[in-house]
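These notes are about the structure you will find just below.
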Amino acid sequence: MNDLIEFEDVIAELRDGLNDVQFDREQPTRRSTIRRMAWVPAVAASLVLAVVAITPGISDGIAWAAVARPTTPDEQTWITDDCTESLATTPGDWPDTLPPLMTSEVRGNTATLNFAGEGWFVTCVVGELFRSDGYEPGLSVVTMGYDEDLTEGDDRLRFNVLGIAPDPVDGPEGIEATTFVIGVVSEDVARVVIDVGDLGEVEATVSNGWFTAWWPSRQHFVVRGFASDGNPIAEIAKS
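Going by the numbering used here, the sequence shown opens with residue 1, and the numbers climb by one from there.
Next comes the structure, spelled out in structure tokens:
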């Protein structure tokens, strides 16, 4: 219940401040950010995902949960409206309407909605990821990509890894990274669990053939897919 109250406080503050938000129109065509945050693809073999302002540890930094809760209808409505507005102002050859909603979740004080269809996807993140001097405690980020960008894994479990970073990305030294995983699963995958080392296991949100999850760490991780009977059927290590 406390998590829900805290999240509602955060989104209320964000909604009040939307009129003051300035979009960064100089970003590449596949990402549009609100405030001073940027999506950073994590494609390097060394897994340098992103630099993000989280001060030390989860308890002292952000609210986070290994198991997400569903978004409420009201949350879905206003976040979708915010994403649609962001999409309309993003440079590039993108449609001006969102594809269907595939997954939606709230972890701690942060909501993630993923829309997908016709070969492309839009992921919207709203909430509280940043707790560091010099950075806003609230966040609204939209990222877009094509299904072909989901290059990790195989036909049963395929995903991309993203990070969120302060802008510029070479922010203060010693701060942690936030890792986002966005992907698709085959029909026989009913559950996705991600082993993230010291943080334990993260239960991904799986819906409509897509899955999403995030955690406040840049450690190496293992993504596992399970059938409805609990049997493991896919495993991909990211190192």
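Positions of the beta carbon are idealized from the N, C-alpha and C atoms, including for glycine. Please read all numbers here as calculations on a predicted model, not as lab measurements.
Per DSSP, what kind of secondary structure is Val21 in: helix, strand or coil?
Because the pLDDT of Val21 is 33, which lies under 50, any placement of that residue in the model is unreliable, and the number read from its coordinates should be weighed accordingly. Note: Val21 maps to coil in three-state DSSP.
When the distance is taken between beta carbons, is Thr212 closer than 7 Å to Thr112?
Taking 7 Å as the Cβ cut-off, Thr112 and Thr212 qualify as a contacting pair.
Apply the 10 Å Cβ neighbour rule to Asn160 and answer buried if 16 or more other Cβ atoms are within range, or exposed otherwise.
When all chains shown are included, Asn160 counts as buried.
Tell me the DSSP secondary structure of Thr110 in three-state form.
Strand, per DSSP.
Quick one: Cα of Gly197 to Cα of Leu98, how far?
Roughly 35 Å separates the two Cα atoms.
How would you label Ser104, buried or exposed, when you count the other beta carbons within 10 angstroms and need 16 or more for buried?
Ser104 comes out buried.
First and last residue of the beta strand (DSSP E) that includes Ala65?
Run containing Ala65: none; DSSP gives neither H nor E here.
Mind checking who Val183 pairs with in its DSSP beta bridge?
Strictly speaking, residue 183 in this sequence is Gly, with Val absent from that position. Beta-bridge pairing links Gly183 to Phe159, Phe211.
Can you tell which of Met102, Ala204, Pro91, Ile194 has its C-alpha closest to the C-alpha of Gln219?
For the residues Met102, Ala204, Pro91, Ile194, the minimum Cα distance to Gln219 belongs to Ile194.
Please identify the residue among Asn109, Val223, Asp188 whose C-alpha is closest to the C-alpha of Pro70.
The shortest C-alpha separation from Pro70 is found at Asn109.
Using the Cα positions of Val181 and Val192, report the straight-line distance between them to the nearest angstrom.
Cα to Cα, the separation comes out at about 11 Å.
Helix, strand or coil: how does DSSP classify Val126 here?
In the structure shown, Val126 sits in a strand (DSSP, three-state: E or B).
With DSSP run on the structure shown, which of helix, strand or coil describes Thr91?
With the sequence shown as reference, residue 91 is identified as Pro, and Thr is not the correct amino acid for it. Note: Pro91 maps to coil in three-state DSSP.
Which residues in the same chain as Trp64 place their Cβ atom closer than 6 Å to its Cβ, once the five residues preceding and following it in sequence are excluded?
Within the same chain, Trp64 has close Cβ partners Ile58, Arg107, Gly108, Pro216.
Roughly how many whole angstroms lie between the Cα atoms of Asp229 and Glu187?
Taking the straight line joining both Cα atoms gives about 13 Å.
So, for Thr123: in the same chain, excluding its five sequence neighbours on each side, which residues have a beta-carbon less than 6 Å away from its beta-carbon?
Excluding positions up to five away in sequence, the list reads Asn114, Thr143, Ile182.
Just how far apart, CA to CA, sit Ala234 and Ala190?
Their Cα atoms are separated by approximately 11 Å.
What separation, rounded to the nearest whole angstrom, lies between the Cα atoms of Thr178 and Thr77?
If you take the alpha carbons of Thr178 and Thr77, they lie about 26 Å apart.
Could you work out which residue in Gly145, Asp149, Val184, Tyr146 is closest to Leu157 when comparing CA atoms only?
The option with the nearest alpha carbon to Leu157 is Val184.
Where does the unbroken beta strand (DSSP E) through Arg191 begin, and where does it stop?
Note, Arg191: beta strand (DSSP E), 191-195.
Look at the alpha carbon of Thr224 and the alpha carbon of Glu148, and state the distance between them as a whole number of angstroms.
Here residue 224 turns out to be Arg, not Thr, going by the sequence shown. Going by the C-alpha atoms only, they are around 21 Å apart.
Using a Cβ-Cβ cutoff of less than 8 Å, which residues in the same chain neighbour Asp155 once the five nearest sequence positions on both sides are dropped?
If we look at Asp155 and ignore the five residues flanking it on each side, its Cβ neighbours are Ser186.
Do Ala237 and Val222 come within 7 Å of each other at the CB atom, strictly closer than that value?
Yes, these two residues count as a Cβ contact at 7 Å.
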